[in-house]
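Numbering (our numbering), first residue to last: 43 to 123.
Written out as structure tokens, the structure is:
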């Protein structure tokens with residue numbers, strides 16, 4: 043008999059996905075990150091268009107990592123025999 047889930051496998055991965063995207067959004071919102079990557083204007087206001095571009099890049103990298111992680115996990119996962 044093939045067991046697809048161990049008793050320790052979480053069946054709701056949405057919490058982990060939300061945590062990862064929350065980390066990305068939290069980092070982008072930090073003042074130090076905004077200053078270092080030019081997301082703040084000289085007068086101290088947020089440069090919205092630039093912040094949107096950086097946010098989209100962070101989301102794209104997160105999605106690409108999930109995609110390639112899923113592709114590489116298939117051949118390396120344990121097989122049912």
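Ideal Cβ placement from N, Cα and C applies to all residues, glycine included. Please read all numbers here as calculations on a predicted model, not as lab measurements.
- Query: By a C-beta neighbour count over all protein chains shown, 10 Å radius and 16 as the cutoff for buried, is residue 113 buried or exposed?
  - Reply: Against the chain shown, residue 113 aligns to sequence position 71. Around the beta carbon of residue 113, fewer than 16 other beta carbons lie within 10 angstroms, which makes this residue exposed.
- Message: My assumption, with CB atoms under 8 Å, is that residue 97 sits in contact with residue 70. Please give the rounded CB distance.
- Response: To locate residue 97, count along the chain shown from 1; it is residue 55. To locate residue 70, count along the chain shown from 1; it is residue 28. Confirmed, Cβ separation roughly 6 Å.
- Query: What's the C-alpha gap between residue 75 and residue 85?
  - Reply: Start at 1 with the first residue of the chain shown, and residue 75 comes out as number 33. Start at 1 with the first residue of the chain shown, and residue 85 comes out as number 43. As the crow flies, the alpha-carbon of residue 75 is around 17 Å from that of residue 85.
- Cβ separation of residue 89 and residue 78, assumed to be a contact under 8 Å, to the nearest whole Å: Counting from 1 along the chain shown, the entry for residue 89 is found at position 47. Counting from 1 along the chain shown, the entry for residue 78 is found at position 36. Not really, about 13 Å apart at Cβ, beyond 8 Å.
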